[in-house]
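**Q** Numbering (the working numbering), first residue to last: 114 to 217.
1. I'd like to confirm the pairing. Which residues does DSSP put opposite residue 141 in its beta bridges?
2. Going by the DSSP bridge assignment, what does residue 155 pair with across the sheet?
3. With DSSP collapsed to three states, give me the class of residue 190.
4. On the three-state DSSP scale, how would you describe residue 179?
5. Could you give the first and the last residue of the continuous beta strand (DSSP E) run that contains residue 165?
6. Note the first and the last residue of the continuous beta strand (DSSP E) segment covering residue 199.
Here you go:
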């Protein structure tokens, strides 16, 4: 799993029938800053992930990719390579809280 920030959404009216009614979000993986391990910095790539939990723009989420993404409930037969499988409340690195969701 990876930590990622939701940066947008994708609307696709024509897609595989098994994905109808499913929300697609654009996420950017977050990396630990090597100069300051208590901080995150955005990665360079952007991923389209199927949202299984109702995530919103700006939220930090847990992202599963590859065959692990299809282990989320109801995704086994879908052509999905990335799925949001958790909404992050807090993150601590080396004993220091580095992230706290606004609604926690």
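Backbone N, C-alpha and C fix where the C-beta goes; we use that ideal spot for every residue, glycine too.
**A** Quick answer:
1. In the chain shown, the residue the question calls residue 141 occupies position 28. Answer is 118.
2. Within the chain shown, the letter at position 42 stands for residue 155. Per DSSP, 143.
3. As a working note, residue 190 is residue 77 in the chain shown. Of the three classes helix, strand and coil, the one that applies to residue 190 here is coil, per DSSP.
4. Residue mapping note: residue 179 aligns to position 66 of the chain shown, counting from 1. Helix, per DSSP.
5. By 1-based counting over the chain shown, the position of residue 165 is 52. Where residue 165 is concerned, there is no enclosing beta strand (DSSP E), given that its DSSP letter is neither H nor E.
6. The residue labelled residue 199 in the question sits at position 86 within the chain shown. First-last of the beta strand (DSSP E) with residue 199: 195-200.
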